[in-house]
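Scroll down for the structure; my scribbles are underneath it.
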Amino acid sequence: MKAEFWLLDVNYEVRDHGPEVWLWGIQDDGKRVLVIDRSLSPYFYLQVDEGEDPKAVVERIEALRASLPLLAGLEVVDRKYFGRPVKAVKVTCQDPDLLDKYAKRLSKTQGVKRPFEEDIRYSMRYLIDNDVAPCAWHEVEVEEAENTLGVRVDRVYLARSPPRGVERPEAPPLRILGLSVVCYSPRGTPKPSRDPVVIVSVATNAGGEKQFVARDSEDRELLEAFTKYVRDFDPDLIVGYGTNRTEWPYLLARSQKLKVGLYVDRAKAEPHTSVYGHVSVTGRANLGLLDFADELPEVKVKTLENVADFLGVMRLEQRLLIEDVDIPAHWEDPGKRPELLRFSAENTRCVMGVAEAMLGFATQLSSLVGLPLDHVGAAAVGFRVEWFLIRQAQKIGELVPARGPRPYIPYAGALVLEPKPGVHEDIAVLDFKAMYPNIMLLKNVSPDTYVPPGEPDPPGGVNVAPEVKHRFRVEPQGFYSSVLSCLIAIRDDVRSRLKAFEPRSTEYRVLDARQKAVKVITNASYGYAGWVGARWYVKPVAEAAAAWGRHAILNTIRLAREVGLEVVYGDTDSVFVKNEPEKIRKVSEEIGELLQLEVKPDVVYPRVLFTEAKKRYCGLLPDGRLDVVGLEAVRGDWAAAAKRVQERVLEIVLRDRSPDKAAEFVRQYISDLRARKVPYRDLVIWKALTMPVEEYAVRTAHVEVAKTLMKEGWDLSVGDKMGYVIVRGPGRLYEKARAHALASYEDVDIDYYVSNQVLPAASRILSLFGVTEEELLPS
DNA sequence: GCCTGATTTCTACCA
DNA sequence: ACTGGTAGAAATCAGGCG
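The numbering of the first sequence is the numbering used here, which starts it at 1 and goes up by one.
Printed below as a string of structure tokens:
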């Protein structure tokens, strides 16, 4: 019989000496199923030395067979490595966990150059080899089996054939459970060995809301009740915020200590930490939404409340927020405990809202790159690109290069023009459409088409990069080139289908999420190519793409000037020119002919203001809104007070064209600030720890604050944002920084905020109009 | 030892 | 833990001065 299912999760098991893949899915009738497939044997490759007879290598390995009991098969195969044909021995092995060990051992065989793909996990191997993608529909020939495993699904199937993809864009209705957790520690970061979980707030997309609250800091019953709740609801998705890093590890450690089985998965086991440091719940997808918050660069401090506010899930002003340092007092005080309960419940509501906003993108990204839903968020951008590449490599018989340490040598990147400071009227921004991907596509820039120095030109000819002179074969089409054309084709297809639907329809939202996912991967391809950690890293590839990019923008500038278009600024793939449509059309046309790249006006600013610095400007949009770029107003490491003032100054200067009015506004603001009428939170400065505190070479405010907090028992790690205020007193700035949650308004050094935050931010703009800092101070 | 300009360190941004 | 190019604040260094 045939079964159709949407793939939610995948794992593998070794049972009765045979590996099997477990595909957890959801069917049309709402049944949750487990499809077990034993058809694919794990394997790796051994590349055979050039000039060596592969059969001889096979025989040598055969001779070792007695000592390799789980070796299942040897086959000589033709593959490609960086585009060149190679002979390899495909070694199949019964136990997927022995691939690495066997590969190491057999690599020493005479005539073997090196092993390949022994580091690809069996479950990924299965998905890739069968072209099975998570978060997508598949049909499979199956026979129903009895649920002797005790897995929590409606049906268990044995696959008779590998699943085949079915074109169906929408996900089935999923059961989603959201959670947030509060732990209690009298002081500092809670420790599971010592401190209880006191509140677990859950919510479901079936409308359920519940709180599990510890009785007198006894959390055994709470953990048991929570576990039971999860099992009873039987979610497909478990969502939280930062749960991979904090809440799940805590719940696990705590339940281990109390000997409570946290059996929340579909396979009678506990959650476990998986490849990308995320927590995996077998048969479900556990998502930490913080992992997807990187897609929202507008949100600078990525707390749940900020993300929820940005997405319109729950407004910050409406929230009751409790800082970590204030949690113990709220739990201890029966009068304040209800506030803590409300805070926790709101967190879970925010989690559910954020999940709704982000799931479309997450599932599309998962199906596109082929990583299981719970992996894809946790995987860094480079790995997302790489898994997409690995999938494509399999299709063309390209061996997946080993990841290895390589020397890092920087190369020249993009070109940035010196802006002409001041206000310019009616400026058009000419943008290259997907510049780097299109360059790589057009010039066939790829790891496998690169012709190293010393090698003769191939018969089909080469494309030679300007300046750096790297050469790339014109044919056949390279790996990157084919992958990019595939991505571009998908995006064009999705975008054309998009037109048939209403923007609010489900179909539209699904397709829109898909085109965004494709865009993210496409745009990351150039960065991937220049990443030393990449499996397909070849420095000249990135270097050549950058050189062609410079060539493109330089030609655009030249042509613009030739037709008499004034160029006022440019950066990487954009050129800012006077808005003269006819001349622009001409430039665009000529670039199209000359470089086969598309360049066209993206926006037209009725007015745009440049500072004397590159990468910092502000454009007024036709609808009156501002595009603030690079300035303090869009930076996360300036106090909101300074950012607000600067933004307002820009508005007044660009909309009303009145530097005087703007100066008056600044004077008024500074008097308000001095009168302490500005909210305290607008004085908090946020900076991230980019390395462990002990590695800093100099003393800085945020690191000093981090050290203080750590002394108080708070665990901090790389990436954490430290919020601090500057307080009055003598000494260096770093001596006057206090954690925002531990300082009070009275301590704040207003003069610092006037002279080092608000004034510089305002003056950055107003100095262009001859307004001095003295003139910005209230009289 | 103090002052000042130059250099280094650091973060976050742009494309 | 995708790239290089960039700004700007603050810390720190280095050298002159007395």
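All residues carry an ideal CB built from backbone N, CA and C; glycine is no exception.
Terminal residues of the alpha helix (DSSP H) in which Glu647 lies: Ala640 to Glu651
Where Arg164 sits in the DSSP three-state scheme: strand
DSSP beta-bridge partners of Gln211: According to DSSP, which records beta bridges pairwise, Gln211 is partnered with Ser201.
Whether Arg175 touches Thr204 by CB criterion (8 angstroms): yes
Spatially closest choice to Asp544 from Ala145, Lys519 and Val462, by CA coordinates: According to the sequence shown, residue 544 is Ala rather than Asp. Distance from the Cα of Ala544 is smallest, within the candidate group Ala145, Lys519 and Val462, for Val462.
Alpha carbon of Ala633 to alpha carbon of Val575, nearest angstrom: It is roughly 23 angstroms from the alpha-carbon of Ala633 to the alpha-carbon of Val575.
Own chain, CB closer than 8 angstroms to Arg187, minus 5 neighbours either side, in chain order: Pro328, Glu712 and Gly713
Unbroken stretches of the beta strand (DSSP E), 3 residues or longer, contained in the stretch 221-280: If you keep only unbroken beta strand (DSSP E) runs of at least 3 residues inside the stretch 221-280, you get 237-240.
Contact test: His138 Cβ vs the ligand MN heavy atom, cutoff 7 angstroms: Absence of the ligand MN from the depicted structure is noted, as is the absence of any ligand whatsoever, leaving it without description.
Pair within 8 angstroms by beta-carbon distance, Phe432 and Val599: yes
Ile120 classed as buried or exposed, judged by whether at least 16 other C-beta atoms fall within 10 angstroms: buried
Residue from Arg220, Tyr122, Lys677 and Asp100 whose Cα sits closest to the Cα of Pro785: Residue 785 is absent from the structure shown; the chain starts at 1 and stops at 779.
N- and C-terminal bounds of the beta strand (DSSP E) containing Ala147: Before going further, note that residue 147 is Asn rather than Ala in the sequence given. Per DSSP, Asn147 belongs to no beta strand (DSSP E) and is neither H nor E.
Val381 beta carbon less than 8 angstroms from that of Ser366: no
Under the three-state DSSP convention, the category Tyr184 falls into: coil
Span of the beta strand (DSSP E), counted from its first residue to its last, around Asn286: For Asn286, the enclosing beta strand (DSSP E) covers residues Ala285 to Gly288.
Same chain only: Cβ atoms within 7 angstroms of Ser790, ignoring 5 sequence neighbours per side: Here the chain covers residues 1 to 779 and nothing more, so residue 790 does not appear.
Outcome for Asp374 when other beta-carbon atoms lying within 10 angstroms are tallied against a minimum of 16: buried
Reduced DSSP secondary structure (H/G/I, E/B, other) of Ser763: helix
Assigned exposure category for Gly729 - 16 Cβ within 10 Å defines buried: exposed
Other residues of its chain near Val77: CB distance less than 7 angstroms, five sequence neighbours each side excluded: Ala88 and Lys90
Helix, strand or coil at Glu480 according to DSSP, with G and I counted as helix: As written in the sequence, residue 480 is Tyr, which differs from the Glu given in the question. Helix at Tyr480.
Per-residue DSSP class, three states only, for Asp627: If DSSP states are grouped into helix, strand and coil, Asp627 belongs with the strands.
DSSP beta-bridge partners of Thr92: Tyr43 and Gly73
Touching by the beta-carbon criterion (3+ pairs, under 8 angstroms), the stretch 232-239 and the stretch 291-310: As far as the Cβ criterion goes, the stretch 232-239 does not touch the stretch 291-310, which means the pair count is below three.
Inter-residue Cα distance where the pair is Ala640 and Leu251: 36 angstroms
Chain-order list of residues whose beta-carbon lies under 7 angstroms from that of Gly530 (same chain, five-residue window excluded): Ala542
CA-to-CA distance, Ile591 to Asn555, given in whole angstroms: 8 angstroms
First through last residue of the alpha helix (DSSP H) which encompasses Gly527: DSSP places Gly527 in the uninterrupted alpha helix (DSSP H) bounded by Thr506 to Ala529.
Cβ-Cβ separation, Leu98 to Leu70 (assumed contact under 8 angstroms), whole Å: 6 angstroms
Among Arg105, Tyr617 and Arg337, nearest to Tyr569 - alpha-carbon criterion: Tyr617
Bounding residues of the beta strand (DSSP E) (the contiguous stretch that carries Leu34): Arg32 to Asp37
Rounded separation between Ala524 and Thr572 - CA only: 15 angstroms
Residue of Glu580, Ala739, Ala688 and Val112 minimising C-alpha distance to Asp49: Minimum Cα distance to Asp49 is reached at Val112.
Identity of the residues DSSP links to Met722 by a beta bridge: Lys687
Between the CA atoms of Tyr526 and Ala402 - distance to the nearest angstrom: 20 angstroms
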